[in-house]
Amino acid sequence: MKGRIKMKKLLILSAVAASLSVNAQTQTEDSEKWVAGFIEYYSTDKSGSGFPDYLDNGVGLGAEFGFKFSPEWATRLEVAHLNIDATPTDKSGNRVGVDALYFLPDDLMYVFGGVKITNFNDTDLMGNFGLGKHWDVGNDFKIITEVAVYQLIDGGDTHMGYKVGLAYTFGGSTVSTTSKDSDNDGVFDSIDQCANTPIGTQVDNVGCALDSDGDGVLNDVDMCPDTPAGTKVGAKGCSLILDADQDGILDEQDQCADTPMTDKVDANGCSVFTEEQVSIDIKVLFGNNSSVINNPDDAQFQEFTDFMNRYPATDTLIEGHASAPGDADYNMTVSQKRAEAVKTLLINTYGIDSVRIKAKGFGENQLLDTSNTAAANKVNRRITAKVTASKRMKVER
């Protein structure tokens, strides 16, 4: 009977150990590991029935091997040899077991729980839980302190253990991947006083944006990062006395002293421009054999005029066209008349200088639609004109 109980306990312990090991292997390839030796003061519960009444307190020595399979979770295997005061003869026995450990944020402390087997007189199975801490002492060494509660499964006794040990750590990094630094500024959330710093912002040791020269303007927008202490500055961090328009060019070098703050400037403090092509066109349809403009008040004529007035260096060519039916020479003549009619309208009614407008007829040589239908003839009886200009556009900062 005792053999079956012992085998059952060993199977339980093996299953727990295997489960923890498999879980760890599936979650990490190079986690922090440690080996440690420890001394433990063991206090027995003399009022219970699990241990004989003659067993008292004692001390033991042990070793453990552990590893983290995530920044918070770890598992360990522990073996210990305990010497317990007893009457008439002291007792000694071994203890072996496994624990799961959960490390609190920033490795402040950890809680643990597991199962152990002891063999003082009989083989006993215990559950245990406790609280501990790994204290960094440098050079990959840590001091281990723990307090544990042991509960005999069969007898109901509760015992206490107080452990001090020295561990050597090795293996991979255990920096948290679970949002310990939510804004990725290099400062852990637990001490980050500015938890939502934009990505790429330089921060100080409490996670807040840097203002190296102390002028009240953060480094990422400060165009004058070395302003002397006490200098009154503008929104861009430049001295209001030395750089009045805040473009990053000192007044003594600034050839354009009132540059808008939205403009990108060159080395002389003047706005930077780029050339951009802009254009406008008009299109007018005519009746058969006609050069009469049916709607001389069409808004497109005024828009065309406004564009040419805005860009006085431009000129235009009015192109007249005819449909396919009829004599080619006649079509050439009527297309010229159509172009001249629009030219005259733009000069006499809309006030465009005559030297800026030319008119030319193309007859039936540039048909839009060659199908020779009524619809085709309608779109072919037309004039077109287009004006293109280069527009200087300011480049924004």
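Per mature numbering (1 follows the signal peptide of the UniProt record, and there is no 0): the sequence shown = residues -24 to -1, 1 to 373. Where is the CB? At the ideal position from N, CA and C, for every residue including glycine.
Separation of residue j from residue i, as counted between CA atoms
i	j	result
V260	I359	5 Å
A335	S215	59 Å
I15	L80	24 Å
K208	T173	26 Å
W111	M85	9 Å
G192	V179	14 Å
T349	E316	26 Å
F277	Y326	8 Å
R332	T290	7 Å
L101	V11	24 Å
H297	R368	34 Å
Y126	L107	12 Å
I119	V140	7 Å
S152	D196	With a pLDDT of 46 at S152, under the threshold of 50, the modelled position of that residue is not reliable, and the figure given next carries that caveat. Roughly 28 Å separates the two Cα atoms.
V355	A211	58 Å
G147	E40	16 Å
S347	R357	14 Å
D219	T281	43 Å
T161	M284	In the sequence on display, residue 161 carries Asp and not Thr. Approximately 55 Å, taken between the alpha carbons.
M308	F338	6 Å
Residue i - containing beta strand (DSSP E), residue span
i	result
M102	T99 to G114
N95	Y86 to N95
F146	T134 to G147
V355	That residue, V355, is in no beta strand (DSSP E); its alpha helix (DSSP H) goes A350 to N356.
E295	T292 to H297
I15	E8 to S19
Per-residue DSSP class, three states only, for residue i
i	result
F249	strand
V123	strand
A361	strand
D75	strand
I60	strand
S330	helix
R286	helix
V371	coil
S152	In this prediction, S152 has a pLDDT of 46, which is less than 50 and means its spatial position is unreliable; what the coordinates show is noted afterwards. In the structure shown, S152 sits in coil (DSSP, three-state: anything other than H, G, I, E or B).
T51	strand
A275	helix
F280	helix
S366	strand
D83	helix
F338	coil
K118	strand
K67	strand
N172	coil
Contact belief for residue i with residue j at Cβ below 8 Å, rounded distance in angstroms
i	j	result
D83	E54	About 20 Å; that fails the 8 Å criterion.
E372	D234	Their Cβ separation, rounded to whole angstroms, is 17 Å, which puts E372 and D234 out of contact at 8 Å.
Q229	C246	With a Cβ gap of about 11 Å, Q229 and C246 do not count as contacting.
G38	R52	Wrong, their Cβ atoms sit about 11 Å apart, outside the cutoff.
D168	V182	7 Å
I60	Y17	Between Y17 and I60 the Cβ distance is about 11 Å, and since that is not below 8 Å, they are no contact.
Given residue i as reference, the closest of the options once Cα atoms are compared
i	options	result
G36	N70, S46 and G42	N70
K362	V254, T145, V182 and F41	V254
N270	F43, F280 and L321	L321
G190	P201, N181 and G183	P201
P288	D230, R368, D329 and F117	D329
F117	F105, I93, T145 and D130	T145
D303	F283, N265, D221 and T292	N265
L58	D273, I167, E252 and F96	F96
D198	G224, G176 and G89	G224
L194	T203, G213 and P204	G213
L344	A352, F262 and G337	A352
I93	M308, A300 and L128	L128
G263	E252, I323 and R314	R314
M136	G103, D187, N115 and K109	G103
First and last residue of the uninterrupted alpha helix (DSSP H) at residue i
i	result
S311	A304 to N324
V179	Here V179 belongs to no alpha helix (DSSP H), and DSSP marks it neither H nor E.
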